[in-house]
Each structure stands twice: as C-alpha cells, then as structure tokens.
C-alpha cells in the first residue's frame, strides 16, 4: 500500500468524525481487552512465560545468522526450497516467478501481513494472476479494495451492515432475498463462495507465525482453518515470512504459542495451529507438490544492533493496538502504514525511514499500556521516544514546536531567570482568570482551549509563596 | 527509624509551582506530619519531560544535571506527581549511561526519588493522615505512576482512612486521560476524543469529586469537565489527604 503516514493528522481528524468507524472501534475496546485480561489471569505462569518468550527471541536475535542457516538446511533436507529476498521487490519477483512457472491463474492466500508489506496482491494482479484472500476479514476488505486496519482483525473497522452490503454487491449469483442479518449467515456465505476458490487455485500463499530452525517447519495460527485449505489444496505452497520469525526449537515455539493467542484474542490457543514441513511425502494423503519459503529482510537486518532491535521480538498479536487509546480513537487506517498502532509507530519508521513517518511515533501519550500488555515485553514507548530523538537531531520536527521548546528550555535551564519570569507572569495570568478560575480561550493556548477550559493559576507560584511563608516563620526568632 | 528526621527535598514540579501551589503546601504538610524535614530548593524549574519526550536529549540532560545538583544532598527527593517522579527515578539514569562522571551519581540520585503518596505509604509507613472530608470521590490512576512506579493501591489505602470519604471507582480508571504532556497540544483532537471518554466515566461513577496524583492529568480532566458543564470538583489527592481543601478546586467550582 502507499505510505500515507505523513497525512496522519488529517486522516485522524476524518476518523474522529466517522460515525460508522467510531461504532466499530467501540468493539475493539469491548472485545479484546477483557478477554486478554481473563486469559492472562487464568494462567498463573503467564508473566513468567512472557519472560521466557522475550529471552527466546533475544537469543535468536543475537544468533540470527546461525539459526537462519540452520533453518535453510532443514527446509532443504525436507524437500523444500528457501529463497532469500533482501527487499520487498525481490520477494514480489520471487513469488511471481514461482506462480508463473506453475502456470498459475489464481492463488489463494492465508492471512499474511508480510504480503501486505510487500504489496504482493497488486503485483500479482498486475501480472494477470488473481489473488484470493481466504481469511474472512481479509476477504471482506479485498472486496472493498481496502487494506487491513488491524494486524489480526483486518476488518475490525467495519460493521456487519457494511459487510452485508458488500456481499450483496459482489455475490450477485446468489438469491437476492437471502438472509444476511447476522454474523453466522455472513460467515456461511463467505465460506460457500471461498470453498470453490480453493479448488480452483494453483498456488496457496501463507505467512508464518514461526519458522522453526530445528525442523525447518513453518507454523501458522488461524481461527478459520482457511490457512490449512490454502496450503494443502494448491499444488504449490509458498510461505512468505520475515527473517525474525525464526525460533530455535519446537519447544520454544510452544512456549511462545502460550502467550500469543492469550495476548491476541484471549484464547488459550487459536483454533488451528498448523505445522508445515516440506512438500507432500510419498506416503502423505495430501499436501503440496512444492514447498517454497521466501525469507524477507526488507530492512530488518539493519535494525539488529540498534536501539530498535527489540522490535524484532514482535509476534504480531495486536495487543498493543487493542489497548492503545490513540488507536481506539482513530482506528488503524489513520496511521497510513501497513502496521498501525504502537508496534507500527516503531516498526514503520524502521522499515520506511523517519522522514515520511515522523507523525507515528509522536502520536502517543506514552501511557505505557502497550508495553504493559506486550507478551514479548517490547519497550514500545521508549523506542517511539528514540524515533523522536532521531527526528529532533535531524531537524525534521516542525519549526514552531522546535522554537517553542528551545524558548522554554532556555528558561528551564536557568532557574534564576525562570523564577524571575514566572514570578511576574503567573500572578498576572491568575488575575486574568478571574472568579471562574479558568479560561475558555487564551492566546497561544488554542491547542488546549479549543476542546477544554484552561485552569487558571491560583496566584503566586508555589516557590514564591513558600519563600514568603518561611520568611514569616523566621521573623519571630530574629 | 533513623535517629534524626529524614531530610526531604520537595520537587514541586512545574505545574504545581505555576498553577497549583496548594498541592505543594499539602505535600509539605503530609511529609512533615510523617516526620520529615522538608526543604524546597529554589533552583528548581521542571524535570525536563517536555524536552525528553520531544527528542531533545541535550536540553533534557542539562536540566537533569541541574536537578541532580540541587537535590542530591537530601535523604529523599519527593514529587507530588507520578510522571515527574518517574522521570527522575526511571529515566534520568539512562540519560547518563556510559558517562563515567555522571552514571553512578544519577543512579544514586534515582534511588532517592519517590512519588509523594507511595513515599508516604511505602517508606514512611503512613496508614492514616488524619484527614476528614465529606465527599464521594473517584480516583484516576495516572499512567506513569501506575505503570512505571506501580502506584495503584497506595492512594486508595490512605483515602480509605479519610473520615467521611467514600470512593466510587469509575470504569477504566487505569486508562489514559489523553493529556500526554505536549501530546494534548500537538494532537489536540485525538486528546479530546480520549478525555471525552474519560469524562463520561467520571460522570457515570456518581462521584462529586475527582482525585488523582498528577496536576497535568487533573488540569486536562478538569478543563474538559468544566467545558462540558459538569459540577464534579477536581483536586490533587494530596490536598484531600492533608485536609487542605479550602482553596477552590482546579478550574474552579460549580458549572
């Protein structure tokens, strides 16, 4: 998708007055938070598992080259093929070549944020191959020509009435009078339509939640089983995954799985957890004839050894955005990037550069709720602050803000001058506040008073008043 | 207990200094009642968060050095704000990482820093401040205090012993009010959406007074409550715990 992060403010302003969107966003707050809370509370060792999960990924990131090579050896040994893609363009080219070589006309897809990152669907379509999204949410937004607004719930910005409208618009072969008034009937219709597509597809493309170095296995977790049909019914299974998905062993995978679904949807486990190792073997009842893994870097190896390395622990559970007050207010599309919310505010500048994406790490109150729920204990606010530092060093922040900050800092660094300035300014402001003790508007404070009153200062500053009180106390003794 | 009274440097915070001196006096009283000798160094301006959160490391560090120099001689440094206390305690050491001359000094300073209410309960072992107030209050957990310093039960324990006071918990008391320092100016509309939800929860709690431990959040919520014509009064928790509620509430009383 086209990066529109620099329009964040304008997109957010639109989102805030979008009635349908606001209604849908209410579901994010209501749905995810309580379920995660319950799931975490039901598992006494949840926090210990988070520590383990963090340590596993830290270990992998410290030895990523070794584990990647080990993984490739194991994939090759099981009959699969690993393709290394340094850039998004490389990955698109590799996937297209695999599809073209197979003479593919349609491909089915399991839900994959990586294929969003490399804009694979547009590339396949432009080359005459039809991509069919099979995750219900992905399918809906594909019908609408949209991008996911959430990394695990791509259509969370929509209401069921909107989905009904889309199905009636596109599924014109079905009877007009059919009932589509509840989620179950919508799901039934999507399933019926998609079932035909699986059989017609030549290639199935999925992402991966984990790549296991010990066994050369790719793992996906889904709730609809669509990923399984995608990867077993096609002649060819292509896994597109980024390099930091590596975990050393099956045991490590099960450790992280225990925090993944709980953090994401509050489930103990997703409904389907599917392990794929190589193509169909001679005595397998089914499976693909070819198994390819496209390993994408796209800027990630450049994050190693930097203050952003911890971001590579992310397992894409979505808990950070589920708990983010800014995401709750504006939804995922406002971020104008593949990855929304707090994790996107850190990752997007890492992948796309801070020049165009500076709004994202700034649009946070630093409330810290994202870090508090992150199963991988990623210090998201700290890393957003690091992006603000890079921005500030390179003079990318708006001039008015910089001048204002410098003006304030000049005084804040000079206590005597500061005291002098505030000892005149504050009492004056207090007098203007009058008997109401607040301002409805004030020059230079429009950002505040547009939406709320500004409490007036009480009178003198605390330090003035304190000094006077102390002086009075001293007098009798003198 | 030490033989002599602990010497406490009161870091008033810029917002208390400029907007709400009552909180400074209330803090001093609470600390003195708890047996501390309270000092208010004149060489204090701000903890540096506006610079820190705007990516301006150089100015942040200059301010931090100044704060450390002014306060490191005390036994404890106490601030009536979870946000500023966390800046001093959790974030200052990182500013000096790798600097041999300052690193240890910043860490020793950090060890002395506390947020007011948690200092009273956890260090001075205060259980009852002796205050009384006839009011139905609700309490907002400010983010930095809650998530960086673990302040949640401490204010509630002390409030439970304020005679006549009744606590009515609001929904989502631990969710951000949308203040976020410069965030509320830079992203005014989003901040407004967040504080609007907060104010709905405050009103729905049925309380007639809102308390919290950070003047920044309180000014934001008070400003929104008053703009919407709410009669809920807003005060810093220290004012109530110290029994010093003679000043009009933040942003005034009445609608």
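Protein chains in written order, with the working numbering: chain E, 6 to 483; chain D, 15 to 269. In this text, a Cβ means the ideal position worked out from N, Cα and C, and glycines have one as well.
Extent of the continuous beta strand (DSSP E) to which residue i belongs
{"i": "residue 23/D", "result": "21-24"}
{"i": "residue 139/E", "result": "Careful: residue 139/E lies outside any beta strand (DSSP E) and carries neither H nor E."}
{"i": "residue 424/E", "result": "Counting along the chain, residue 424/E falls outside any beta strand (DSSP E), though it belongs to the alpha helix (DSSP H) covering 420-438."}
{"i": "residue 288/D", "result": "No information on residue 288/D is available, as it lies outside the stretch 15 to 269 that chain D covers here."}
{"i": "residue 278/E", "result": "277-281"}
{"i": "residue 215/E", "result": "215-217"}
{"i": "residue 56/D", "result": "First-last for residue 56/D: undefined, no H or E at that position."}
{"i": "residue 246/E", "result": "241-247"}
Under 8 Å between C-beta atoms of residue i and residue j
{"i": "residue 323/E", "j": "residue 368/E", "result": "no"}
{"i": "residue 113/E", "j": "residue 206/E", "result": "yes"}
{"i": "residue 403/E", "j": "residue 192/D", "result": "no"}
{"i": "residue 58/E", "j": "residue 353/E", "result": "no"}
{"i": "residue 134/E", "j": "residue 93/E", "result": "no"}
{"i": "residue 134/D", "j": "residue 120/D", "result": "no"}
{"i": "residue 137/D", "j": "residue 128/D", "result": "yes"}
{"i": "residue 143/D", "j": "residue 93/D", "result": "no"}
{"i": "residue 507/E", "j": "residue 327/E", "result": "No answer is possible for residue 507/E: the residues shown for chain E start at 6 and end at 483."}
{"i": "residue 325/E", "j": "residue 372/E", "result": "no"}
{"i": "residue 195/E", "j": "residue 234/E", "result": "no"}
{"i": "residue 30/D", "j": "residue 229/D", "result": "yes"}
{"i": "residue 102/D", "j": "residue 60/D", "result": "no"}
{"i": "residue 69/E", "j": "residue 97/E", "result": "no"}
{"i": "residue 2/E", "j": "residue 13/E", "result": "Look at the range of chain E in this structure, 6 to 483, and you will see that residue 2/E is not part of it."}
{"i": "residue 239/D", "j": "residue 213/D", "result": "yes"}
{"i": "residue 165/D", "j": "residue 418/E", "result": "no"}
Bounding residues of the alpha helix (DSSP H) (the contiguous stretch that carries residue i)
{"i": "residue 21/E", "result": "13-21"}
{"i": "residue 155/D", "result": "Unbroken run through residue 155/D: none, as it is neither H nor E."}
{"i": "residue 454/E", "result": "451-454"}
{"i": "residue 261/E", "result": "255-269"}
{"i": "residue 114/E", "result": "Premise fails: residue 114/E lies in the beta strand (DSSP E), 111-114, not in any alpha helix (DSSP H)."}
{"i": "residue 44/E", "result": "24-46"}
{"i": "residue 417/E", "result": "404-417"}
{"i": "residue 163/E", "result": "Unbroken run through residue 163/E: none, as it is neither H nor E."}
{"i": "residue 41/D", "result": "35-47"}
{"i": "residue 232/E", "result": "231-238"}
{"i": "residue 209/E", "result": "Element bounds for residue 209/E: not the alpha helix (DSSP H) but the beta strand (DSSP E), 208-211."}
{"i": "residue 223/E", "result": "Element bounds for residue 223/E: not the alpha helix (DSSP H) but the beta strand (DSSP E), 222-227."}
{"i": "residue 156/E", "result": "Element bounds for residue 156/E: n/a, residue is neither H nor E."}
{"i": "residue 127/E", "result": "125-131"}
{"i": "residue 121/E", "result": "118-122"}
{"i": "residue 233/D", "result": "229-241"}
{"i": "residue 190/E", "result": "188-205"}
For residue j and residue i, believed in contact at Cβ under 8 Å, the rounded distance
{"i": "residue 155/E", "j": "residue 161/E", "result": "4 Å"}
{"i": "residue 185/E", "j": "residue 169/E", "result": "4 Å"}
{"i": "residue 300/E", "j": "residue 248/E", "result": "6 Å"}
{"i": "residue 89/D", "j": "residue 22/D", "result": "7 Å"}
{"i": "residue 25/D", "j": "residue 91/D", "result": "6 Å"}
{"i": "residue 250/E", "j": "residue 293/E", "result": "Going by Cβ atoms, the distance from residue 250/E to residue 293/E rounds to 20 Å, so no, they are not a contact pair."}
{"i": "residue 261/E", "j": "residue 115/E", "result": "Not confirmed; about 19 Å, so no contact."}
{"i": "residue 16/E", "j": "residue 341/E", "result": "6 Å"}
{"i": "residue 199/D", "j": "residue 453/E", "result": "6 Å"}
{"i": "residue 62/E", "j": "residue 321/E", "result": "12 Å between Cβ atoms; not a contact."}
{"i": "residue 178/D", "j": "residue 148/D", "result": "4 Å"}
{"i": "residue 284/E", "j": "residue 85/E", "result": "7 Å"}
{"i": "residue 203/D", "j": "residue 21/E", "result": "6 Å"}
{"i": "residue 195/D", "j": "residue 63/D", "result": "6 Å"}
Three-pair Cβ contact test at 8 Å for the region 416-432 of chain E versus the region 448-468 of chain E: In this structure the region 416-432 of chain E lies against the region 448-468 of chain E, because at least three pairs of beta carbons, one per stretch, are closer than 8 Å.
Would the region 251-263 of chain D and the region 67-75 of chain D be scored as touching if the rule is three or more Cβ pairs under 8 Å? No: fewer than three Cβ pairs fall under 8 Å.
Could you pull out every unbroken alpha helix (DSSP H) segment of at least 4 residues lying fully inside the region 56-90 of chain E, listed in chain order? Correct list: 69-82.
As an exercise, report each continuous alpha helix (DSSP H) stretch of at least 4 residues that is fully enclosed by the region 140-222 of chain D, in chain order. The DSSP assignment places complete alpha helix (DSSP H) segments of no fewer than 4 residues inside the region 140-222 of chain D at 167-174, 197-200, 202-218, in order along the chain.
Quick check: the region 215-222 of chain E against the region 69-88 of chain E, are there 3 or more CB pairs under 8 Å? Result yes; three or more Cβ-Cβ pairs closer than 8 Å.
Pair every Cβ in the region 392-399 of chain E with every Cβ in the region 430-437 of chain E, then say whether three or more of these pairs are closer than 8 Å. In the pairwise beta carbon analysis, the region 392-399 of chain E is classified as not touching the region 430-437 of chain E: fewer than three pairs are separated by under 8 Å.
Count the C-beta pairs between the region 445-462 of chain E and the region 77-95 of chain D that are closer than 8 Å, then say yes if the count reaches three, no if not. Touching, no, given that fewer than three Cβ pairs across the two stretches are closer than 8 Å.
Quick test of the definition: if touching needs 3 or more C-beta pairs under 8 Å, does the region 46-64 of chain E touch the region 255-265 of chain E? Taking a cut-off of 8 Å for Cβ pairs, the region 46-64 of chain E and the region 255-265 of chain E touch, as three or more such pairs fall below it.
Can you find at least 3 beta carbon pairs, one from the region 145-159 of chain D and one from the region 215-228 of chain D, that sit closer than 8 Å? Three or more Cβ pairs drawn from the region 145-159 of chain D and the region 215-228 of chain D lie within less than 8 Å of each other, which places the two stretches in contact.
Can you list the beta strand (DSSP E) stretches of 3 or more residues lying completely in the region 287-345 of chain E, in chain order? Along the region 287-345 of chain E, the beta strand (DSSP E) occurs as fully enclosed runs of 3 or more residues at 295-301, listed in sequence order.
I'd like the ranges of any beta strand (DSSP E) spanning at least 3 consecutive residues and lying wholly in the region 66-137 of chain D. As summarised for the region 66-137 of chain D, the continuous beta strand (DSSP E) elements at least 3 residues long and confined to that stretch are 90-93, 127-129, given in chain order.
For the 8 Å Cβ check, are there 3 or more pairs between the region 95-114 of chain D and the region 157-165 of chain D? Contact between the region 95-114 of chain D and the region 157-165 of chain D is present, because at least three Cβ pairs lie under 8 Å.
contact_flag[the region 16-31 of chain E, the region 378-392 of chain E] where n(CB pairs < 8 Å) is 3 or more: Taking 8 Å as the limit for Cβ pairs, the verdict is that the region 378-392 of chain E does not touch the region 16-31 of chain E.
Meets three-Cβ-pair contact criterion under 8 Å: the region 242-250 of chain D and the region 204-219 of chain D: Three or more pairs of CB atoms, one per stretch, sit closer than 8 Å, so the region 242-250 of chain D contacts the region 204-219 of chain D.
Could you tell me which uninterrupted beta strand (DSSP E) segments, each at least 3 residues in length, are contained entirely in the region 372-407 of chain E, listed from first to last along the chain? Complete beta strand (DSSP E) runs here, min 3: none at all.
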